[in-house]
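K.L.:
Please find one structure pasted underneath; my questions will follow.
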Amino acid sequence: MSRAPDTWILTADCPSVLGTVDAVTRYLFEQGCYVTEHHSFDDRLSSRFFIRVEFRQPDGFNEASFRAGLAERGEAFGMIFELTAPNYRPKVVIMVSKADHCLNDLLYRQRINQLSMDVVAVVSNHPDLEPLARWHDIPYYHFPLDPNDKPSQEAKVMQVIEDTGAELVVLARYMQVLSPELCRKLDGRAINIHHSLLPGFKGAKPYHQAYNKGVKLVGATAHYINNDLDEGPIIAQGVEVVDHSHYPEDLIAKGRDIEGLTLARAVGYHIERRVFLNANRTVVL
Numbered sequence: 001m002s003r004a005p006d007t008w009i010l011t012a013d014c015p016s017v018l019g020t021v022d023a024v025t026r027y028l029f030e031q032g033c034y035v036t037e038h039h040s041f042d043d044r045l046s047s048r049f050f051i052r053v054e055f056r057q058p059d060g061f062n063e064a065s066f067r068a069g070l071a072e073r074g075e076a077f078g079m080i081f082e083l084t085a086p087n088y089r090p091k092v093v094i095m096v097s098k099a100d101h102c103l104n105d106l107l108y109r110q111r112i113n114q115l116s117m118d119v120v121a122v123v124s125n126h127p128d129l130e131p132l133a134r135w136h137d138i139p140y141y142h143f144p145l146d147p148n149d150k151p152s153q154e155a156k157v158m159q160v161i162e163d164t165g166a167e168l169v170v171l172a173r174y175m176q177v178l179s180p181e182l183c184r185k186l187d188g189r190a191i192n193i194h195h196s197l198l199p200g201f202k203g204a205k206p207y208h209q210a211y212n213k214g215v216k217l218v219g220a221t222a223h224y225i226n227n228d229l230d231e232g233p234i235i236a237q238g239v240e241v242v243d244h245s246h247y248p249e250d251l252i253a254k255g256r257d258i259e260g261l262t263l264a265r266a267v268g269y270h271i272e273r274r275v276f277l278n279a280n281r282t283v284v285l
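Mind the numbering: the sequence shown is residues 1 to 285 in the UniProt record's numbering, read in order.
Written as structure tokens, this is what we have:
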């Protein structure tokens with residue numbers, strides 16, 4: 001479900017205690033706010049409660065006053081909340097290498113406003129995709145990677161992120177492993193996409209390896225990055241059935257489609273404030 005353009009988003013989480021739903025919904029009622037969408041989840045294993053509400057504000061709505069009142073109401077519950085205004089568009093930096101399918105898909109979805117975001121820069125370790133970025137009138141930064149001096153390249157990448165004020169970084173088939181230091185700096189605000197083949201195939205030509213094993217499923221996983229390669233908290237996954245008639249090039253084409261769709265779905269969840277980090281897992285409301 002996509003977000004309505006005239007609604008505020010309230011997200012909150014706190015320990016699991018009696019009255020958490022009432023604390024939020026009653027406060028919205030008392031403030032004259034009309035709820036248009038509501039989802040909540042109580043994790044009985046971690047004893048933590050999560051809630052996401054979209055609402056329309058009444059005439060004379062004052063954001064500062066609303067925040068202060070909710071902070072006071074939620075203090076007794078240890079509640080942490082975030083309030084997102086209507087039509088908010090986060091700034092996004094996309095990182096790529098040579099493959100263009102995920103970048104092209106994200107830029108198209110931004111252009112038709114299916115993803116309400118502003119891509120403020122494309123960063124790459126190769127020059128190949130600059131024409132695509134320029135066509136969309138987006139600055140392109142080519143930072144070649146010196147295997148003997150990776151920190152200097154990553155420092156340039158981080159400088160672009162900071163200078164543009166990007167809230168989110170999307171690794172749209174960026175084929176380099178980020179350093180532990182950069183992973184820490186981007187914790188919770190960088191999304192990666194990679195193929196999901198069972199059994200797992202690593203190294204060169206994974207789809208050719210999959211073909212040789214006769215796989216019956218291909219898929220993709222979008223997740224937040226962390227210092228464990230391709231093992232960060234999962235946001236979205238996609239999968240499709242294949243069979244003996246799919247040659248390696250067919251598997252590659254199928255994989256591209258799934259990667260693009262799964263990454264776009266994950267980015268959409270993030271910018272619509274639907275994703276909560278819950279230890280090493282996510283809650284997606």
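All C-beta atoms in this analysis are idealised placements derived from N, C-alpha and C, irrespective of residue type, glycine included.
On a predicted model such as this, the values are computed, not experimentally measured, just so you know.
Counting along the chain, where does the beta strand (DSSP E) carrying residue 276 start and finish?
P.N.:
Indexing the sequence shown from 1 puts residue 276 at position 276. Run containing residue 276: 275–278, per the beta strand (DSSP E) assignment.
K.L.:
My assumption, with CB atoms under 8 Å, is that residue 107 sits in contact with residue 123. Please give the rounded CB distance.
P.N.:
Taking the first residue of the sequence shown as position 1, residue 107 is located at position 107. Taking the first residue of the sequence shown as position 1, residue 123 is located at position 123. Wrong, their Cβ atoms sit about 14 Å apart, outside the cutoff.
K.L.:
Taking its Cβ as the centre, do 16 or more other Cβ atoms sit within 10 Å of residue 77, making it buried, or is it exposed?
P.N.:
Locating residue 77 in the sequence shown gives position 77, counting from the first residue. It is buried - the Cβ of residue 77 has at least 16 other Cβ atoms within 10 Å.
K.L.:
To the nearest angstrom, report how far apart residue 258 and residue 207 are at their CA atoms.
P.N.:
Here residue 258 corresponds to residue number 258 of the sequence shown, with the count starting at 1. Here residue 207 corresponds to residue number 207 of the sequence shown, with the count starting at 1. Spanning the two alpha carbons is a distance of roughly 13 Å.
K.L.:
For residue 10, count neighbouring Cβ atoms within 10 angstroms of its own Cβ and tell me buried if that reaches 16, exposed if not.
P.N.:
The residue given as residue 10 occupies position 10 in the sequence shown. By the neighbour-count rule (16 or more Cβ atoms within 10 Å), residue 10 is buried.
K.L.:
Would you be able to state if there are at least three C-beta pairs under 8 Å between the region 158–173 and the region 83–96?
P.N.:
yes
K.L.:
Hey, could you find the ends of the alpha helix (DSSP H) residue 158 is sitting in?
P.N.:
The sequence position of residue 158 within the sequence shown is 158, counting from 1. From DSSP, the alpha helix (DSSP H) with residue 158 extends over 150–164.
K.L.:
What does the alpha-carbon distance come out to for the pair residue 40 and residue 99?
P.N.:
As a working note, residue 40 is residue 40 in the sequence shown. As a working note, residue 99 is residue 99 in the sequence shown. C-alpha separation (whole angstroms): 38 Å.
K.L.:
Of the residues 62, 228, 221 and 36, which one's Cα is nearest the Cα of residue 237?
P.N.:
In the sequence shown, counting from the first residue as 1, residue 237 sits at position 237. The shortest C-alpha to C-alpha distance from residue 237 to any of 62, 228, 221 and 36 is the one to 221.
K.L.:
Can you tell me the Cα-Cα spacing of residue 64 and residue 196, whole angstroms?
P.N.:
Looking up residue 64 in the sequence shown gives position 64. Looking up residue 196 in the sequence shown gives position 196. One C-alpha to the other measures close to 45 Å.
K.L.:
What residues in its chain sit with their C-beta under 8 Å from that of residue 164, if we drop five residues either side in the sequence?
P.N.:
Translated into the one-based positions of the sequence shown, residue 164 becomes position 164. Here the set comprises 91, 93, 120 and 121.
K.L.:
Just tell me which of 62, 48 and 284 has its CA closest to the CA of residue 18.
P.N.:
Locating residue 18 in the sequence shown gives position 18, where the first residue counts as 1. When only C-alpha atoms are compared, the closest one is 48.
K.L.:
Mark residue 29 as exposed unless 16 or more other C-beta atoms lie within 10 angstroms of its C-beta, in which case mark it buried.
P.N.:
The count along the sequence shown starts at 1 and reaches residue 29 at position 29. Under this definition residue 29 is an exposed residue.
K.L.:
When the Cβ atoms of the region 21–35 are set against those of the region 245–260, are three or more pairs found closer than 8 Å?
P.N.:
no
K.L.:
If you drop the 5 nearest sequence neighbours on each side, which residues of the same chain put their C-beta closer than 7 Å to that of residue 275?
P.N.:
Position 275 of the sequence shown holds residue 275. Within the same chain, residue 275 has close Cβ partners 235, 269, 282 and 284.
K.L.:
How would you label residue 114, buried or exposed, when you count the other beta carbons within 10 angstroms and need 16 or more for buried?
P.N.:
Working through the sequence shown from its first residue, we reach residue 114 at position 114. Burial is judged here by how many other beta carbons sit within 10 angstroms of a residue's own beta carbon; residue 114 has fewer than 16 and is exposed.
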